[in-house]
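Student: One structure is given below, represented as C-alpha cells, and several questions about it will come after.
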Amino acid sequence: MLPYSAPWGKIYLKMLNPKFLVFIAILAVCVQFATAQAPAISAGSSRTPSSAAFFPLSQLKEGMKGTARTVFRGSEPEEFTVEILGVVPAAIGPKQDLIVGRISGGSADRTAVFAGMSGSPVYIDGKLVGAISYSFPFSKEPICGITPIEQMIAIFEKKEGPRIAATEPNSISFSELASTDWSGNFPKNRASASGLLAGVSNNSLLATVAGQSFQPIATPMTFTGFSQQTLNVFTPQLLEAGLIPVSAVGGAAAMSPMKKADETTLLGGDSVSMQLTRGDYSLAAAGTVTFRDGDKIYAFGHPFLSLGTSDLPMSESHVVTVIPNLNNSFKLAVPDSMVGSMTQDRATGVYGKLGQAPKMIPVRMNVKTSRGQTDVVNFEVAKDDFLTPLLLNIAIYNTAVAQERSVGDSTVEISGEIAVKGQQPIKLDRKFVGGQAGQFAAASVATPVAVLMKSRFEDLEISGIDINVTSTDGSKTAILDRMAIDRTQVKAGETVEVQAFARTSSGKIFVQKVPVKIPQDTPAGMFSITIGDGREIQENSSIKYFVPRDLSELISTINMLKVSDRLYLQTFRTTNGAVIGASEMPNLPPSVLATLNNDRTAGGIKPAVQTIVNEMKLPPAEFLISGQQTLTIEVIK
Numbered sequence: 062m063l064p065y066s067a068p069w070g071k072i073y074l075k076m077l078n079p080k081f082l083v084f085i086a087i088l089a090v091c092v093q094f095a096t097a098q099a100p101a102i103s104a105g106s107s108r109t110p111s112s113a114a115f116f117p118l119s120q121l122k123e124g125m126k127g128t129a130r131t132v133f134r135g136s137e138p139e140e141f142t143v144e145i146l147g148v149v150p151a152a153i154g155p156k157q158d159l160i161v162g163r164i165s166g167g168s169a170d171r172t173a174v175f176a177g178m179s180g181s182p183v184y185i186d187g188k189l190v191g192a193i194s195y196s197f198p199f200s201k202e203p204i205c206g207i208t209p210i211e212q213m214i215a216i217f218e219k220k221e222g223p224r225i226a227a228t229e230p231n232s233i234s235f236s237e238l239a240s241t242d243w244s245g246n247f248p249k250n251r252a253s254a255s256g257l258l259a260g261v262s263n264n265s266l267l268a269t270v271a272g273q274s275f276q277p278i279a280t281p282m283t284f285t286g287f288s289q290q291t292l293n294v295f296t297p298q299l300l301e302a303g304l305i306p307v308s309a310v311g312g313a314a315a316m317s318p319m320k321k322a323d324e325t326t327l328l329g330g331d332s333v334s335m336q337l338t339r340g341d342y343s344l345a346a347a348g349t350v351t352f353r354d355g356d357k358i359y360a361f362g363h364p365f366l367s368l369g370t371s372d373l374p375m376s377e378s379h380v381v382t383v384i385p386n387l388n389n390s391f392k393l394a395v396p397d398s399m400v401g402s403m404t405q406d407r408a409t410g411v412y413g414k415l416g417q418a419p420k421m422i423p424v425r426m427n428v429k430t431s432r433g434q435t436d437v438v439n440f441e442v443a444k445d446d447f448l449t450p451l452l453l454n455i456a457i458y459n460t461a462v463a464q465e466r467s468v469g470d471s472t473v474e475i476s477g478e479i480a481v482k483g484q485q486p487i488k489l490d491r492k493f494v495g496g497q498a499g500q501f502a503a504a505s506v507a508t509p510v511a512v513l514m515k516s517r518f519e520d521l522e523i524s525g526i527d528i529n530v531t532s533t534d535g536s537k538t539a540i541l542d543r544m545a546i547d548r549t550q551v552k553a554g555e556t557v558e559v560q561a562f563a564r565t566s567s568g569k570i571f572v573q574k575v576p577v578k579i580p581q582d583t584p585a586g587m588f589s590i591t592i593g594d595g596r597e598i599q600e601n602s603s604i605k606y607f608v609p610r611d612l613s614e615l616i617s618t619i620n621m622l623k624v625s626d627r628l629y630l631q632t633f634r635t636t637n638g639a640v641i642g643a644s645e646m647p648n649l650p651p652s653v654l655a656t657l658n659n660d661r662t663a664g665g666i667k668p669a670v671q672t673i674v675n676e677m678k679l680p681p682a683e684f685l686i687s688g689q690q691t692l693t694i695e696v697i698k
C-alpha cells in the first residue's frame, strides 16, 4: 500500500525518480548561488540612499538590538552589539536628533567607545540606522550617541559649490605682516574638548560640564615625522579643537598618485583618514566610514573641524591597535593610499568624493643644523584658507627644533620663497634668536601665507614653497645703544657720517659707520635721521593699514616689508604730503593737496606732516641688533 492515498501516491513515486532528484539538487545549487550574489544592505553596500536602505528613525524602539562595525586592528571591520536606549530630539542642534545606545560584545568590551570610532555604522535588520559619533566622558557604561543616517545624508543633499568669493579684498595690517608673534590656532570645539581637557586640567572652565552632556567623539590626529617637542607645544590647541595628538605610529605617508577606487574601497565600517600633510611629514585625522553611495563617502557623524566646503586628501587607513584609556581610549591609525577628497565638513559629519584629487601645496625644506648636518624635507600641505598657515607653522617649527636642543637660546635663519602662480615670488630672508627662535621662524612663513589666503583674490594660487632652514646653538644679540653724527649743521648736497653704537649682552661695543647724503633740493630747516630695527621702524610708520588693489600690489608690499632682524636708516623732513594706500607721497604742491582733501574726495588718503626723504636697509651685522635712535640736524643755506 502506498504511504499516501492517490493522487498523492503518484506524486510521491515521481519524487523518488532519480532524474527528479537530480533536478531538485541543481535547483537548490542555483538558488544558493543567486542568494550569495544578491546585493545585501550591509556595511559593504554601495546602494543608492533610499527608504529601503535605511532604518526609519520613527520606527526605533527602546530595547532594539543592532550590529555595529568598526576596525579595531588591521583593515577589516569587526562587529559588536548596540542596544537602543532611546532617541533624544534636537539633542545636538535644530532638527538634529540623537539616538542613544549601549555597545557590547567582541572587542568593544575591551575598548568601550574610543577616539576614531566616529562614523561606525549601526544596522538593525540589515538596514543602516546611523553613525556612532557621540559619547559621555568618564561614563561607567559604554553609552554612545548615534547620528541618524537620514540626517547625515540630508545635510549633504544640497548641491555643493565653492566657497563664495568676496567682492572686495581685505584690509591688510602692516603690524600683522611684520609680527613674528603669530596667533593662528585650530578652531575650538568646546563640546568635544571639555572631556579631553577635564582629564588633564583641574582648572579647566569646561571641567564642570564634563560627563554631563553628549560630546563628539574625539578625533585622533596621527603625527609622523614630528618631534615630541613639537607635540608638546601644539597639544593644548589640538585638544581644544577636539583632536588627540598621537605620535609616530608608522612610516610617513608617501606622496604617491591617487589610487583608483574599486567596489571594496572605503565601505561602511572601514577606517578612513583625512590627510592634512603627507610626505616626510604626515599629519592625518582618523575616523570611520558610515556609508558609501557610489563615489560618495559619508563618515564621522559629527564635524571634523567645521570647515564647511573643504578639499582635504581622503585616504584608506589601517589600525595598529586601539589603546584602552581611562580618560579617552583611542585608535592608532596609519594612512594608506589616497583615494579621493573630503569636500564637506558640516554639523552631521564629513562628506567625500572617491576619485577626486585634492589640491595640495608642495613644500621643500633644506635643513642645516649646528653640527653641519644637512637634510631635505619634502611634503605636501592641504590647500585651505584656514588650515594651510597652521600646518606650515607646525611643520616649520618642527624642522627648526627637531635636531637641536629644546632648552636655551638658539639662532634660526629662514630664507627662500613662496611661489605664486602668475606673480613674482614672495622672498623670505629672516633671522631669529633666543629661546623662541623656532616659533618666530615658523611664524615668519605662516604669516605671509595667512595674509595671502585671506586676501580674497580669486586668482591666488600658491604653487609651491621652497625654504632653507639653518639652526645653530646659542644667540648673538645686541641693542642699539646710541648714535652720533660728525656735525649738527649741514648744507644741502653735503654728506654727513652717522655712527651707530651697538652694545652686546657682554658689554662689548660695536660701531657701524653710515654716510648720509643730504638731497640737493632740501630746503633750510630741521632734518631728522633715524636708525632702528625693522619692527621699531614699522611701528612708527604713518602707514598702518592698506587695501591692495590687486594681488600683484599685495605681493610687492609683502616683499618691501621691513624685517625685525635688520637695521634701517631713514631721513625725514617736515613737508606737505599724503599717504595713499601703501605709499607715501612727499612734497606735494598745495594745489594737489587741496584736490586730494576736498569735499568730493574721501577715504584712503591721510595727511603726512613728516615725510621720508630717503631709506636704506643696512648690511646684516654679526649680531641681531634691536632698538631705535633718532638725531636731528639743521640744514642751512
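To convert, note that position 574 of the sequence shown is 635 in this note's numbering; the numbers rise steadily by one, no gaps.
Just so it is clear, CB atoms sit at the ideal spot from N, CA and C, and this is done for glycine as well.
With DSSP as the reference, label I455 as helix, strand or coil.
Tutor: Residue state, collapsed to three classes: helix.
Student: Could you pull out every residue in the same chain whose Cβ sits closer than 6 Å to the Cβ of G477, ignoring the five residues on either side in sequence?
Tutor: L489, D527, I528, N529, listed in sequence order.
Student: Check each candidate in K201, K420, S687 and name the one with the smallest Cα separation from N388.
Tutor: Of K201, K420, S687, the residue nearest in Cα terms is K201.
Student: Could you tell me which uninterrupted alpha helix (DSSP H) segments, each at least 4 residues in length, are contained entirely in the segment 493-535, listed from first to last along the chain?
Tutor: Listed in chain order, they are 498-514.
Student: Taking 9 Å as the cut-off, decide whether the C-beta atoms of E123 and S168 are in contact.
Tutor: Contact flag unset, no.
Student: Could you tell me how far apart the beta carbons of I358 and G401 are, in whole angstroms, since I believe they sit closer than 8 Å?
Tutor: Their Cβ separation, rounded to whole angstroms, is 7 Å, which keeps I358 and G401 in contact under 8 Å.
Student: Thinking G413 and S343 are a contact (beta carbons under 8 Å), I'd like their distance in whole angstroms, please.
Tutor: The pair is not a contact, with the Cβ atoms about 18 Å apart (cut-off 8 Å).
Student: Which of helix, strand or coil does DSSP assign to N620?
Tutor: Helix, per DSSP.
Student: Can you say whether S332 is buried or exposed, counting buried as having 16 or more other CB atoms within 10 angstroms of its CB?
Tutor: Buried, by the Cβ-count rule.
Student: Hey, how far is the Cα of F699 from the Cα of R130?
Tutor: Residue 699 falls outside the range modelled here, since the chain spans only 62 to 698, and no answer is possible.
Student: If you compare alpha carbons, which of L366, V577, T325 is closest to E137?
Tutor: The residue with the shortest Cα to Cα distance from E137 is T325.
Student: In the DSSP assignment, find the unbroken alpha helix (DSSP H) run with V294 in it and report its ends.
Tutor: Note, V294: alpha helix (DSSP H), 289-301.
Student: Measure the CB-CB distance between G348 and M335 and report whether it falls below 9 Å.
Tutor: Contact flag set, yes.
Student: Give the secondary structure of V608 by DSSP, where H, G and I count as helix, E and B as strand, and everything else as coil.
Tutor: DSSP places V608 in coil when its eight states are reduced to three.
Student: Which term fits E683, buried or exposed, when burial requires 16 or more other beta carbons within 10 angstroms of its beta carbon?
Tutor: Exposed: under 16 other Cβ atoms inside 10 Å.
Student: Considering only residues of the segment 337-369, which uninterrupted beta strand (DSSP E) runs meet the minimum length of 3 residues and lie entirely inside it, listed in chain order?
Tutor: Listed in chain order, they are 343-354, 357-360.
Student: According to DSSP, is A114 part of a helix, a strand, or is it coil?
Tutor: If DSSP states are grouped into helix, strand and coil, A114 belongs with coil.
Student: Check for me: the beta strand (DSSP E) holding M399 runs from which residue to which?
Tutor: Run containing M399: 391-407, per the beta strand (DSSP E) assignment.
Student: Between V473, G483, Y195, which has its C-alpha nearest I616's C-alpha?
Tutor: Per the Cα distances, G483.
Student: What is the DSSP secondary structure of Q212, counted as helix, strand or coil?
Tutor: It is helical.
Student: Between which two residues does the alpha helix (DSSP H) harbouring D170 extend?
Tutor: From DSSP, the alpha helix (DSSP H) with D170 extends over 169-172.
Student: By the 10 Å Cβ neighbour count, where 16 or more other Cβ atoms means buried, how is T416 classified, buried or exposed?
Tutor: The displayed chain sequence assigns Gly, not Thr, to residue 416. Under this definition G416 is an exposed residue.
Student: Among K578, R491, L393, which one has its Cα closest to the Cα of M385?
Tutor: This sequence places Pro at residue 385; Met is not what is there. Among K578, R491, L393, the Cα nearest to that of P385 is on L393.
Student: Bridge partners of N439, per DSSP?
Tutor: In the DSSP output, where bridge partners are listed per residue, N439 has R425.
Student: Could you tell me whether the segment 531-546 touches the segment 426-434, using the rule of 3 or more Cβ pairs below 8 Å?
Tutor: Verdict: yes, contact present.
Student: Since F284 sits in a beta bridge, which residues does DSSP pair it with?
Tutor: Answer is S308, L344, bridged to F284.
Student: Ends of the alpha helix (DSSP H) at E324?
Tutor: No alpha helix (DSSP H) holds E324; DSSP gives it neither H nor E.
Student: Name the residue from G127, G206, L146, R171 whose alpha carbon lies nearest to the alpha carbon of G187.
Tutor: Out of G127, G206, L146, R171, G127 has the C-alpha closest to the C-alpha of G187.
Student: In this structure, how does DSSP classify T269 when only helix, strand and coil are distinguished?
Tutor: For T269, the pLDDT reaches just 46, beneath the cut-off of 50, and the residue's location in the model is therefore unreliable, although a value from the coordinates is still provided. Correct three-state label for T269: helix.
Student: Judging by CA-CA distance, which residue of L366, V442, Q290 is the nearest neighbour of D341?
Tutor: The candidate whose alpha carbon is nearest that of D341 is V442.
Student: For F199, does the count of other Cβ atoms within 10 angstroms reach 16, so buried, or fall short, so exposed?
Tutor: Per the 10 Å Cβ criterion, exposed.
Student: Could you give the first and the last residue of the continuous beta strand (DSSP E) run that contains E140?
Tutor: Unbroken beta strand (DSSP E) run through E140: 139-154.
Student: Sort D547, V624, M178, G593 by Cα distance to S506 and report the nearest one.
Tutor: Here the sequence assigns Val to residue 506, which means Ser is not the residue at that position. Checking every option, the nearest Cα to that of V506 belongs to V624.
Student: Count the other CB atoms, across all protein chains shown, that sit within 10 Å of the CB of R634; report buried if there are 16 or more and exposed otherwise.
Tutor: R634 should be labelled buried.
Student: Can you grab the Cα-Cα spacing for the pair F133 / L300, in whole Å?
Tutor: Taking the straight line joining both Cα atoms gives about 23 Å.
Student: Have a look at T591, I540, L685 and flag the residue whose alpha-carbon is nearest the alpha-carbon of V473.
Tutor: It is L685 whose Cα lies nearest to the Cα of V473.
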